[in-house]
Structures are given as C-alpha cells and as structure tokens.
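Written below as structure tokens is the structure these notes are about.
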Amino acid sequence: MKQSTPLLEKNGDMTAAQPLLELNNVVAGYGPTPVLFDVNMTINQGDIACLLGRNGVGKTTLLRTVIGLNRPESGSISFDGQEITKAPTYQRARKGIAYIPQGREIIPYLSVLDNLKMGLSASGKKARTKGNGIPTEIFDFFPMLNEHLSRQGGLLSGGQQQQLAIARGLMCEPKIMLLDEPTEGIQPSIVQEIEDTLRRINQEKGITIVVVEQKIEFARKLAQKFFIMKKGSIVEKGTTNQLSDALLQKYLAV
Ligand SMILES: Nc1ncnc2c1ncn2[C@@H]1O[C@H](COP(=O)(O)OP(=O)(O)OP(=O)(O)O)[C@@H](O)[C@H]1O
Ligand SMILES: [Mg+2]
0 MKQSTPLLEK NGDMTAAQPL LELNNVVAGY GPTPVLFDVN MTINQGDIAC
50 LLGRNGVGKT TLLRTVIGLN RPESGSISFD GQEITKAPTY QRARKGIAYI
100 PQGREIIPYL SVLDNLKMGL SASGKKARTK GNGIPTEIFD FFPMLNEHLS
150 RQGGLLSGGQ QQQLAIARGL MCEPKIMLLD EPTEGIQPSI VQEIEDTLRR
200 INQEKGITIV VVEQKIEFAR KLAQKFFIMK KGSIVEKGTT NQLSDALLQK
250 YLAV
C-alpha cells in the first residue's frame, strides 16, 4: 500500500495541492541589470495560472528564467521536487517544461510536419507514433495541422502558427507548458479554439499551464489562478474570481 503523504494527512483532502514549479526570491535579468526582483511564485500540479502585467514588467523574462534562457543572479527555482536553478535549458525541457515563446517562433521554411518533429528532438524522447512519427493525439487536439502537414509553417495564418507552436510544445510530453501571449494578434474565432484546446490539454492530460496574457477575458475564462507583476516583482495573486476591476485598473490599465 502506498503511504499517504503528510500533506494529505494534514488536510484530509485527497485533492491537496502539490507544488510543481516554485520560484524563491529569484533575481534575474540581462547582463548586470536585474529585471526580476525577488520573484516568488508557486504553481501547483494541474493548475492553469495566468501571469498579467503591463508591457515591460518582466513577464517574458520570468518565463525565460524558468526555462533557463536567463540565469538567476540569486534565488532558486525548483521543478517537480528537484532544484533546477543552474540546469541547462535542454535538461529543463527533458524534465517536462515546454516553452512556447512570444511571437511563436516556428521555423517558417520547414513544413508543419518537420516543425512538429523538432518538438520531439527537444525532449530526447521516442514517441509512440504511427506512420509519420507524430502521436495521433496531437491531431486530436489540433485537427487543422493534419490537413496542412506538408505546408511550410510560414504559410499558415497567425492563429494556425500559434496552434503549431503549442502542438510542438506538446510533442515532448511536458508536465508544464509556459505560453507567452498565445493570443497576440490572433482572430477571435481562433482565440476561442486555443482556449478550448488548452483547457482540454489541462483536463485530459493533466498538464499544468502558465500563460502570460494581455487579453483579460481570455485569462479569466481559462485560468483558475492569477499573478500580477509590476516592475519585475509579483505584487498580487489569487484565484481568478478574485481578479477585481480595481486590481485590473491599478495594475493593467494603460
Ligand atoms: N534581450 C534583452 N536585453 C536587455 N534588456 C531586455 C531584453 N529583453 C527585455 N529586456 C528588458 O527587460 C524588461 C522586461 O522585459 P520583458 O520582455 O520581460 O517584459 P514583458 O512584461 O514580457 O513585456 P511585454 O508585455 O511587452 O511582452 C524591459 O525593461 C525590457 O526592456
Ligand atoms: Mg513579453
């Protein structure tokens, strides 16, 4: 019999939250000037969390620091029970962190199929697949991609490129997906599709999601938790039903 964990015993709650990603007093930036100051953030297993804040407050830098593209000057990051503060980016990807950068960054001259295959090589895993090497579930989440497999990535619409970027992140069977403004510049019908697909990925695969967003309504509908950044620090957090107009006005209105 598996022993119950102290947390479960203490709360008597089988759904007690387990931390998956923790940042403790993280200071990071580009070169000598810090952009993040004492960032503390805990993302629990299974959460969908949104990270909000005005332009330039450090949202992208925070995600880059989690995946290892920026190195903390001080503080620590742990993921899935292990400290990863100094781990190289490829090891973080292998441990199950997928990063879908702002602006999507698919390879425009490669086909949709080859863009997807790049997700596999990032993970170092051999996927269970049929035929073309792509797990069938990828096309279950993104049926559009199946219709455009041989198309150059750069010829897809912005919304389709975003879906390709998310699908590529999913290829490495991550435990967490970090998405930086997945709805930026995308038409409303595709924004809705992306919202529905991310929710399904969370519910059906149990993948934890952190999404940086400017579209408050999208963030409110998709996420259960929110974090607000100001000048490189997290200044407010809570559940999205506590995301009041006063908070939005104070930290997000331009
Ligand atoms: N490559 C870089 N080199 C030096 N400074 C940078 C670099 N990228 C970003 N910065 C600075 O770091 C700060 C935070 O930028 P960051 O891109 O993390 O903000 P953001 O919240 O993601 O903004 P946005 O909403 O516009 O995407 C800004 O002052 C920015 O000028
Ligand atoms: Mg950004």
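Residue numbers (numbering that gives the first Met the number 0): 0 to 253. From the three backbone atoms N, C-alpha and C, an ideal C-beta is built for every residue, glycine too. Remember, predicted model here, so these are calculated numbers, not experimental data.
Apart from sequence neighbours up to five positions away, the residues of its chain that approach P87 with a beta-carbon distance below 8 angstroms are G67, ordered along the chain. If you look at M170, you'll find it isn't in any beta strand (DSSP E); DSSP assigns it neither H nor E. Counting C-beta atoms within 10 angstroms of its own C-beta, Q159 has 16 or more neighbours from the protein chains shown and is therefore classed as buried.
Taking C-alpha positions only, N23 is separated from G45 by approximately 20 angstroms. At least one heavy atom of ligand 1 sits closer than 6 angstroms to the Cβ of Y29.
The beta-bridge partner set that DSSP reports for D179 consists of V211.
When secondary structure is reduced to three states using DSSP, F226 falls in the strand class. The C-beta separation of V111 from L61 comes to about 30 angstroms, leaving the pair out of contact by the 8 angstroms criterion. Shown here, Y89 sits in a helix according to DSSP, grouped into three states.
The straight-line gap separating the alpha-carbon atoms of V25 and P71 is approximately 6 angstroms. The alpha-carbon of A245 is positioned some 10 angstroms away from that of L251. Shown here for Q17: same chain residues with a beta carbon closer than 7 angstroms to its own, the five before and five after excluded, namely N43 and Q44 in chain order.
Sorting D37, N201, E146 and S149 by C-alpha distance to the C-alpha of E172 places N201 at the top. Nearest neighbour of E203 by Cα position, chosen from D139, N114 and K85, turns out to be D139.
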